[in-house]
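Some notes on the structure that comes next.
Number of protein chains: 2
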Amino acid sequence: MFSPLIKELIESLRCLPGVGPRSAQKMALYLLERDHQGADRLANALREALDKVGRCSSCRTLTEETECQLCQDPDRDAKSLCIVETPADVVAIESAGSFKGRYFVLLGHLSPIDGIGPEELGLDRLEILVQHNQVEEAIIATNSTVEGEATCHYIAEKLKTLNINVSRIAHGVPMGGELEYVDGNTLALALEGRKKL
Amino acid sequence: MFSPLIKELIESLRCLPGVGPRSAQKMALYLLERDHQGADRLANALREALDKVGRCSSCRTLTEETECQLCQDPDRDAKSLCIVETPADVVAIESAGSFKGRYFVLLGHLSPIDGIGPEELGLDRLEILVQHNQVEEAIIATNSTVEGEATCHYIAEKLKTLNINVSRIAHGVPMGGELEYVDGNTLALALEGRKKL
Numbered sequence: 001m002f003s004p005l006i007k008e009l010i011e012s013l014r015c016l017p018g019v020g021p022r023s024a025q026k027m028a029l030y031l032l033e034r035d036h037q038g039a040d041r042l043a044n045a046l047r048e049a050l051d052k053v054g055r056c057s058s059c060r061t062l063t064e065e066t067e068c069q070l071c072q073d074p075d076r077d078a079k080s081l082c083i084v085e086t087p088a089d090v091v092a093i094e095s096a097g098s099f100k101g102r103y104f105v106l107l108g109h110l111s112p113i114d115g116i117g118p119e120e121l122g123l124d125r126l127e128i129l130v131q132h133n134q135v136e137e138a139i140i141a142t143n144s145t146v147e148g149e150a151t152c153h154y155i156a157e158k159l160k161t162l163n164i165n166v167s168r169i170a171h172g173v174p175m176g177g178e179l180e181y182v183d184g185n186t187l188a189l190a191l192e193g194r195k196k197l
Numbered sequence: 001m002f003s004p005l006i007k008e009l010i011e012s013l014r015c016l017p018g019v020g021p022r023s024a025q026k027m028a029l030y031l032l033e034r035d036h037q038g039a040d041r042l043a044n045a046l047r048e049a050l051d052k053v054g055r056c057s058s059c060r061t062l063t064e065e066t067e068c069q070l071c072q073d074p075d076r077d078a079k080s081l082c083i084v085e086t087p088a089d090v091v092a093i094e095s096a097g098s099f100k101g102r103y104f105v106l107l108g109h110l111s112p113i114d115g116i117g118p119e120e121l122g123l124d125r126l127e128i129l130v131q132h133n134q135v136e137e138a139i140i141a142t143n144s145t146v147e148g149e150a151t152c153h154y155i156a157e158k159l160k161t162l163n164i165n166v167s168r169i170a171h172g173v174p175m176g177g178e179l180e181y182v183d184g185n186t187l188a189l190a191l192e193g194r195k196k197l
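Sequences listed follow chains Y and F, in order. Per full-length UniProt numbering, numbering of the first sequence is gapless, rising by one per residue and ending at 197. Per full-length UniProt numbering, numbering of the second sequence is gapless, rising by one per residue and ending at 197.
This is the structure we're talking about:
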């Protein structure tokens, strides 16, 4: 029903996460019918980002500069390092506003089935960074999933050999969470991680 | 937190319908972290579609050809014309499979507030098409919204002066619809449009 170029646009929009056939069609027709300017901007932004965005030479986050802005910031404490899975995690922690150290972004988690091993996560570079910046504490903030936990353990073992403090962010009942509605696994973690008052 | 090019990509993704700040961020990071190939394909598809897709010279639907495939098809009955708002409506009717005539796509509805008048909907071209193809019946299938109904009435008045049959698609209870769950306006339409058995 649609001409080949429109079909191709619909198909290619489906690479976006959460976009199925119907939304892709809606998006394609919307852009072509009503927002040529937005589509043009999007095409340019995609092309530019694809051509120029690479990884920060220090923390591996996505950036078009050699070193990202956080790594360039002299006010950030290089002795405290937070290890996260993705750039979105950096944004999440930054918006909490309480961490003043630097980050290391794995861009993924260990997943042998997908061919993602320590090398793909840049763990050799992590070791060099820890030694170079004389990091005193590494806080591992990988996701609380099976893969995130496995990655955490692997990294913890590696970093302990470097004689630095290695810690894991706390897991438990979220702020404002009512016990009644918190799932069992989270409650088990909360009990296990109890603190003396 | 994000570098300028990534910010720009996130912003520009927001032109897509249904994409808010969080999904835009998720999409941008997904493309940059994990799907360079998909992003490249999308950038190319957007650019190509923007450069080449225009309107069918006959029915006004979106196509990169001078005349769309439906208008080129000699098996379609040119004497029966279905008038719809958007190319997506053509697809919807085509997938129902029962209409064998041709289409005229308004690409919108009358909306004086947005500066969309008869000219923007190509109604002058519609009249020429009706006369040129010796159309016998025009079926108006604009949406069942206030704007769609207003557009329908305007077009019906115009076409009646050309001495052809003008009809409107039926409105009522959808197939499989249970009366209990059908809204009052639809039920009122269904009662009004009752057929003698």
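Built from N, CA and C at the ideal position, the CB exists for glycine as well. On a predicted model such as this, the values are computed, not experimentally measured, just so you know.
Asked: For C15 (chain F) versus G18 (chain Y), is the C-beta distance shorter than 8 Å?; Found: no
Asked: Whole angstroms are fine: how far does the CA of R194 (chain F) sit from the CA of Q72 (chain F)?; Found: 37 Å
Asked: Have a look at the DSSP bridge pairing and note the partners of I116 (chain Y).; Found: Y:S111
Asked: Using the C-alpha atoms, what's the distance from A88 (chain F) back to Q25 (chain Y)?; Found: 8 Å
Asked: Taking buried to mean at least 16 other C-beta atoms within 10 Å of its own C-beta, is G122 (chain Y) buried or exposed?; Found: buried
Asked: Is E136 (chain F) closer than 8 Å to S58 (chain F) when the C-beta atoms are compared?; Found: no
Asked: If the cut is a Cβ gap below 9 Å, which residues of chain F does C15 (chain Y) touch?; Found: Y30, L31, D35, Q37, G38, A39, R41 and L42
Asked: With three or more beta-carbon pairs closer than 8 Å as the criterion, would you say the region 37-53 of chain Y touches the region 45-64 of chain F?; Found: yes
Asked: Where does T61 (chain F) sit, in a helix, a strand or coil, going by DSSP?; Found: coil
Asked: At the 8 Å Cβ level, is R125 (chain F) part of the contact set with chain Y, yes or no?; Found: no
Asked: List, in order along the chain, the chain F residues whose C-beta lies closer than 8 Å to that of K52 (chain Y)?; Found: L5
Asked: Could you compute how far the alpha carbon of A150 (chain F) sits from the alpha carbon of S144 (chain F)?; Found: 10 Å
Asked: Within 10 Å of its beta-carbon, does S12 (chain Y) have 16 or more other beta-carbons around it, so buried, or fewer, so exposed?; Found: buried
Asked: Does the beta carbon of C71 (chain F) sit closer than 8 Å to a beta carbon anywhere in chain Y?; Found: no
Asked: Please decide whether L62 (chain Y) counts as near chain F, where near means a Cβ-Cβ distance under 8 Å.; Found: yes
Asked: For the putative contact between F104 (chain Y) and I83 (chain Y), defined by C-beta atoms under 8 Å, what is the C-beta separation to the nearest angstrom?; Found: 5 Å
Asked: P21 (chain Y) CB to nearest chain F CB: under 8 Å?; Found: no
Asked: S95 (chain F) to I139 (chain Y), Cα distance in whole Å?; Found: 56 Å
Asked: Please state if the CB of L32 (chain F) and the CB of A49 (chain Y) are separated by a distance shorter than 8 Å.; Found: yes
Asked: Quick check on P118 (chain F) - is its C-beta less than 8 Å from some C-beta in chain Y?; Found: no
Asked: Just to confirm my understanding: we take C152 (chain Y), look at its own chain, exclude 5 residues before and 5 after, and list those with CB closer than 7 Å. What are they?; Found: I140, T142 and R168
Asked: Would E119 (chain Y) and L106 (chain Y) qualify as a contact pair, given that the criterion is a beta-carbon distance under 8 Å?; Found: no
Asked: Looking at the C-beta of E8 (chain Y), does it have a partner C-beta in chain F at a distance below 8 Å?; Found: yes
Asked: How far does the beta strand (DSSP E) with Y103 (chain F) in it extend, from its first residue to its last?; Found: G101 to V105
Asked: Would you tell me roughly how many angstroms separate the C-alpha atoms of V130 (chain F) and G101 (chain F), rounded to the nearest one?; Found: 13 Å
Asked: DSSP beta-bridge partners for D77 (chain Y)?; Found: Y:G101
Asked: How is A170 (chain F) classed by DSSP in three states: helix, strand or coil?; Found: coil
Asked: Give the straight-line distance between the Cα atoms of L5 (chain F) and H36 (chain Y), rounded to the nearest whole angstrom.; Found: 20 Å
Asked: Using beta-carbon positions only, say whether M27 (chain Y) and V91 (chain F) come within less than 8 Å of one another.; Found: no
Asked: In or out: E178 (chain F) buried (at least 16 other Cβ within 10 Å) or exposed?; Found: exposed
Asked: When DSSP labels each residue in this structure, what does G18 (chain Y) get in the three-state scheme?; Found: coil
Asked: Roughly how many whole angstroms lie between the Cα atoms of G108 (chain Y) and D114 (chain F)?; Found: 46 Å
Asked: Within 8 Å of any Cβ in chain F, is that where the Cβ of E175 (chain Y) sits?; Found: Inspection of the sequence shows that residue 175 (chain Y) is occupied by Met rather than by Glu. Taking Cβ atoms only, chain F never reaches closer than 8 Å to M175 (chain Y), which makes this a no.
Asked: Would you verify that the beta carbon of G97 (chain Y) is, or is not, closer than 8 Å to some beta carbon of chain F?; Found: no
Asked: Answer with buried or exposed for I10 (chain Y), where buried requires no fewer than 16 other C-beta atoms within 10 angstroms of its C-beta.; Found: buried
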